[in-house]
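A.B. asks: Below is one structure. I have some questions about it.
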Amino acid sequence: MNMAESMKLRIRSIEYLKMLKKEHTYADLSRIFDLPTTVLNRYIMGKVLPNEERAQTFIAHFRKKYSLPEEIKKRITCDKDGYFDNSTILYDTLLLQEIADYVAERFSDAKKILTSETDGIPVACNIAARLGVDAVYARKNREVGITDYIEETYVPSSSGNLMSLYLPRNAIQKNEKVLIVDDVLRSGETQRALIKLAERSGASICGVFVIISIGDGAQEMGENFYTLVNL
């Protein structure tokens, strides 16, 4: 492991430690890792970084004890009409970073991330940052100042209304490996529209990822489809 990789590992271990701190007291963490609470506090506050061996210990414990799908499920709340709220997922930067780690391990060859506005944007940006690539997103309306768009029209099954997504023509280059991401897949119509936009840009689609999928819509996404929770 070179110096840059070692530094990334050590920084990432602090992110995992912060997530563990949400579930445990400093006293708990002290018993788990056999470290003084003062040392753990200095790590969590970002005052010092653990050495590489200790960082690997933090990460190994986190991955052994922490279930990302279960954490996602805990964050979803539903109202009496069956509509769910996933805002506590999209607002949690540490959780989004953990989701980005999950995706980056499976789609390390992606060169660009594509999503649609608006809730897919924080998901896409975190994944793009983890992979070190750009994130682009299709808009629901044309933006003033951009004259050349690719337009894809579709009908969401939930509304029955004709809708369009607009992607700037130069957003994706020919043969670029594109990963399509979103927060939620319901019927899959939005994701299929994104796939068509990418294909019309000449891209090579390496996969589709959503945090939450609902019902059977995911079955038509193909073998390179990943979701963390299916409801």
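Quick note, this note's numbering runs 1409 ahead of the 1-based positions in the sequence shown.
Where a beta carbon is used, it is the ideal one built from N, C-alpha and C, also for glycine.
Beta carbon of L1540, beta carbon of A1519: below 9 Å?
C.D. replies: Going by C-beta atoms, L1540 is nearer than 9 Å to A1519.
A.B. asks: Is DSSP giving D1437 helix, strand or coil here?
C.D. replies: Three-state result, D1437: helix.
A.B. asks: So the candidates are E1598, L1606, A1612 and S1613; which of them puts its Cα closest to the Cα of E1729?
C.D. replies: Absent from the structure is residue 1729, since the part of the chain shown begins at 1410 and ends at 1640.
A.B. asks: If I measure Cβ to Cβ from P1459 and keep anything under 7 Å in the same chain, skipping five residues before and after, which residues do I get?
C.D. replies: Excluding residues within five positions, the ones whose Cβ falls inside 7 Å are R1419, S1422, Y1452 and F1467.
A.B. asks: Closest to G1624 by C-alpha separation, out of K1605, V1617, S1610 and V1593, would be which residue?
C.D. replies: Nearest C-alpha to G1624: V1593.
A.B. asks: Start and end of the alpha helix (DSSP H) containing E1560?
C.D. replies: Looking at the DSSP string, E1560 is not in any alpha helix (DSSP H); the run it does join, the beta strand (DSSP E), is Y1558 to Y1563.
A.B. asks: Decide yes or no for the touch test of the stretch 1547-1562 against the stretch 1574-1584: beta carbon pairs closer than 8 Å, at least 3 of them.
C.D. replies: Touching, yes, given that three or more Cβ pairs across the two stretches are closer than 8 Å.
A.B. asks: Determine the extent of the beta strand (DSSP E) in which V1553 is found, giving its start and end residues.
C.D. replies: That residue, V1553, is in no beta strand (DSSP E); it is neither H nor E in DSSP.
A.B. asks: Ends of the alpha helix (DSSP H) at D1510?
C.D. replies: It spans T1502 to R1515 - the alpha helix (DSSP H) in which D1510 sits, taken as one unbroken run.
A.B. asks: With M1572 as the anchor, note down where its beta strand (DSSP E) starts and where it stops.
C.D. replies: Run containing M1572: M1572 to P1577, per the beta strand (DSSP E) assignment.
A.B. asks: Thinking just about the alpha-carbon of each residue, which of T1527, I1604 and Y1546 is nearest to the one in Y1563?
C.D. replies: Checked all of T1527, I1604 and Y1546; the closest Cα to Y1563 is I1604.
A.B. asks: Give every residue of the same chain whose Cβ lies closer than 6 Å to the Cβ of N1633, excluding the five residues on either side of it in the sequence, and list them in chain order.
C.D. replies: Once the five neighbours on either side are set aside, the close Cβ partners of N1633 are G1616.
A.B. asks: Compute the Euclidean distance between the alpha carbons of V1619 and L1637, then round it to the nearest angstrom.
C.D. replies: Cα to Cα, the separation comes out at about 7 Å.
A.B. asks: Anyone know if the C-beta pair for Y1425 and E1479 falls short of 9 Å?
C.D. replies: No, they are not a contact pair.
A.B. asks: State the DSSP-derived secondary structure class of N1639, mapped to helix, strand or coil.
C.D. replies: It is a strand residue.
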